[in-house]
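Position one of the sequence shown corresponds to residue 8 (the working numbering), numbered consecutively onward. Notes follow once the structure below has been shown.
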Amino acid sequence: MRSNFSKPRGTRDILPEEMEGRRKVEEAIRRVFEGYGYREVQTPTFEHLELITTKSGEEIRRHLYHFKDKSGREIALRPELTAPVMRLYMEELSHTTKPVKLYYFGNCFRYERPQSGRYREFWQAGIELIGSPYPEAEAEVIALAVYALKGIGLKFDLQIGEVGVLREILGCSGASDEDQAKVMNAIDKGEDIDILLTEIGIPADDRKLVYTISGLVGGKKTLEKAKKLLENNEGVMARLERLSRVLELLEELGVTYQLNLGIARGLDYYSGVVFEVYAQGLGAQKQICGGGTYTLTDVLGGEPTPTCGFAFGLDRVLLALEAQTGMAPVKKTRVLVVPTSEDLLEDAVKICSIIREYASCELELMRRKLSRALSYANNEGFSFVIIVGDEELERGYVVLRDMEKETQREVNIKELHRIKF
Ligand code: HAM
Numbered sequence: 008m009r010s011n012f013s014k015p016r017g018t019r020d021i022l023p024e025e026m027e028g029r030r031k032v033e034e035a036i037r038r039v040f041e042g043y044g045y046r047e048v049q050t051p052t053f054e055h056l057e058l059i060t061t062k063s064g065e066e067i068r069r070h071l072y073h074f075k076d077k078s079g080r081e082i083a084l085r086p087e088l089t090a091p092v093m094r095l096y097m098e099e100l101s102h103t104t105k106p107v108k109l110y111y112f113g114n115c116f117r118y119e120r121p122q123s124g125r126y127r128e129f130w131q132a133g134i135e136l137i138g139s140p141y142p143e144a145e146a147e148v149i150a151l152a153v154y155a156l157k158g159i160g161l162k163f164d165l166q167i168g169e170v171g172v173l174r175e176i177l178g179c180s181g182a183s184d185e186d187q188a189k190v191m192n193a194i195d196k197g198e199d200i201d202i203l204l205t206e207i208g209i210p211a212d213d214r215k216l217v218y219t220i221s222g223l224v225g226g227k228k229t230l231e232k233a234k235k236l237l238e239n240n241e242g243v244m245a246r247l248e249r250l251s252r253v254l255e256l257l258e259e260l261g262v263t264y265q266l267n268l269g270i271a272r273g274l275d276y277y278s279g280v281v282f283e284v285y286a287q288g289l290g291a292q293k294q295i296c297g298g299g300t301y302t303l304t305d306v307l308g309g310e311p312t313p314t315c316g317f318a319f320g321l322d323r324v325l326l327a328l329e330a331q332t333g334m335a336p337v338k339k340t341r342v343l344v345v346p347t348s349e350d351l352l353e354d355a356v357k358i359c360s361i362i363r364e365y366a367s368c369e370l371e372l373m374r375r376k377l378s379r380a381l382s383y384a385n386n387e388g389f390s391f392v393i394i395v396g397d398e399e400l401e402r403g404y405v406v407l408r409d410m411e412k413e414t415q416r417e418v419n420i421k422e423l424h425r426i427k428f
């Protein structure tokens, strides 16, 4: 049957099998988040436009879904959850003891050009750690992302950078905050920054420095190289020292990484250590996680508060798992209860509710006769069928049929709860 309607471009329908796989992955991620002491929050799907546009950056602003509601308020569908979660923190939790550790799962909306792994509605799972100004907080946030992804069996590469380094070099060369954001945005998109740097008026030597630093990718020695190049810039050196400490702690935690001082992130609120995770086996849209230290509380009207966090792109995480492991659909044990006549319907319903106390179970709802019910169960992949028949019921029994082994036996109804489905 075809409908006259199709789903909007860039959106997806998720069918039961995929949904089961998703929920399993979400559960595993949730367990790791909670294992580190994070607690779940939920925010509205739409927010005031201004919250979203403050410090989010040009890239996000260009891709917003926004509209005026019937009272003329400017509203935007959330393109990410960091700004909404920080608004929630400031409205509800700013007086609580630090650190505040929050996690979330939610759908986000960006009017981007759809392609594999890039959608207009997609899901993020993320955390925000609020209140600790120390490098161990940043190291723990990065380690948490790594352990959550390892926990679901994904192969990936982690890159760590520091957005303040490039920003500070640009600032020292006279670039305004706005111009710095433009350059960072261009670097994030992989665009050539030559003309832009010249237009902004960055002197030739500093232009060269920006190129060199943004191209520094590698192991520990890369950091030493950067320190040599920037030893005269006190502010930048302090940033590199801090980054060094984060990397040492990560090594202690057994996390492998690559340093990339060219990571610019697409959002303007980042202010320090940043990181991105790329999944092996995905095409152009291989970035499955992005995060870092950011500054938002003060621009949202509150006290400056140290904050860092990250978000996984759940859809990409699932695509990557499928590409890497061919993730088979989760096989759940299904049990079908079939009454042999309409008179036994009430007994069948009772038996369903006994089993549902500890396993999932379905009642035959199409009133199929037994033989047709059995072939239906076979075709649909039910593992067990419970046949509720007159004669057995009188003795307090039902028939349990194992569909895989093609065997059956009588089971006392009082003993049903002992069966391991
Ligand atoms: P983001 O890098 O913009 O960061 O998004 C996080 C992840 O969402 C990306 O790494 C990607 O996997 C996924 N994603 C983004 N756009 C799309 C899309 N159109 N379709 C599918 N997946 C997409 C943030 O949103 C920050 N709020 C992360 C953060 C939390 N930073 C600090 N705390």
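All C-beta atoms, glycine included, are put in the ideal place defined by N, C-alpha and C.
Rounded C-alpha distance that separates residue i from residue j
{"i": "G160", "j": "K108", "result": "25 Å"}
{"i": "G133", "j": "A330", "result": "22 Å"}
{"i": "L256", "j": "E145", "result": "9 Å"}
{"i": "D201", "j": "D164", "result": "29 Å"}
{"i": "R38", "j": "V306", "result": "33 Å"}
{"i": "Y404", "j": "I394", "result": "10 Å"}
{"i": "G388", "j": "Y365", "result": "20 Å"}
{"i": "G28", "j": "M373", "result": "28 Å"}
{"i": "G158", "j": "I36", "result": "8 Å"}
{"i": "E369", "j": "V342", "result": "6 Å"}
{"i": "G225", "j": "E135", "result": "28 Å"}
{"i": "Q294", "j": "L268", "result": "17 Å"}
{"i": "S63", "j": "V172", "result": "19 Å"}
{"i": "M191", "j": "I67", "result": "14 Å"}
Contacting residues, own chain, Cβ-Cβ under 8 Å from residue i (five flanking each side not counted)
{"i": "D186", "result": "L177, I207"}
{"i": "L88", "result": "T50, Y111, G113, C115, Q131, G133, A318"}
{"i": "I361", "result": "I420, L423, H424"}
{"i": "T32", "result": "Reading the sequence as shown, one finds Val at residue 32 and not Thr. Result list for V32: I159, L321, V324, L325, L328, in chain order."}
Neighbourhood of residue i by C-beta, 7 Å cutoff - its chain only, sequence neighbours within 5 removed
{"i": "K215", "result": "none"}
Burial state of residue i, where buried means 16 or more other Cβ atoms lie within 10 Å
{"i": "A271", "result": "buried"}
{"i": "E1", "result": "Nothing in the structure corresponds to residue 1, since the chain is present only between 8 and 428."}
{"i": "D195", "result": "buried"}
{"i": "G299", "result": "buried"}
{"i": "P449", "result": "In the structure as shown, the chain starts at 8 and stops at 428, and residue 449 therefore has no counterpart that could be examined."}
{"i": "M410", "result": "buried"}
{"i": "N386", "result": "exposed"}
{"i": "G261", "result": "exposed"}
{"i": "R117", "result": "buried"}
{"i": "A90", "result": "buried"}
{"i": "S367", "result": "exposed"}
{"i": "E99", "result": "exposed"}
{"i": "S382", "result": "exposed"}
{"i": "K75", "result": "exposed"}
{"i": "Y218", "result": "exposed"}
Own chain partners of residue i with C-beta closer than 6 Å, once the 5 adjacent residues on each side are dropped
{"i": "H73", "result": "L56, A83"}
{"i": "R252", "result": "P142"}
Please give the ranges of any alpha helix (DSSP H) in the segment 196-267, keeping only runs that are unbroken, at least 4 residues long and fully inside the region. 201-207, 211-221, 227-236, 241-259
Determine contact between the segment 242-253 and the segment 219-233, defined as no fewer than three beta-carbon pairs at a distance below 8 Å. yes
At a cut of 8 Å, does the segment 350-370 reach the segment 301-310 through at least three beta carbon pairs? no
Closer than 8 Å is the cut-off here; do at least three beta carbon pairs connect the segment 119-129 with the segment 11-19? yes
Uninterrupted alpha helix (DSSP H) stretches inside the segment 267-313 (no shorter than 4 residues): none
Counting pairs of beta carbons, one from the segment 42-59 and one from the segment 286-294, are three or more of them closer than 8 Å? no
In chain order, which continuous runs of the alpha helix (DSSP H) of length 4 or greater are located wholly inside the segment 356-394? 377-387
Unbroken beta strand (DSSP E) runs of length 3 or more, entirely within the segment 131-185: which are they? 163-169
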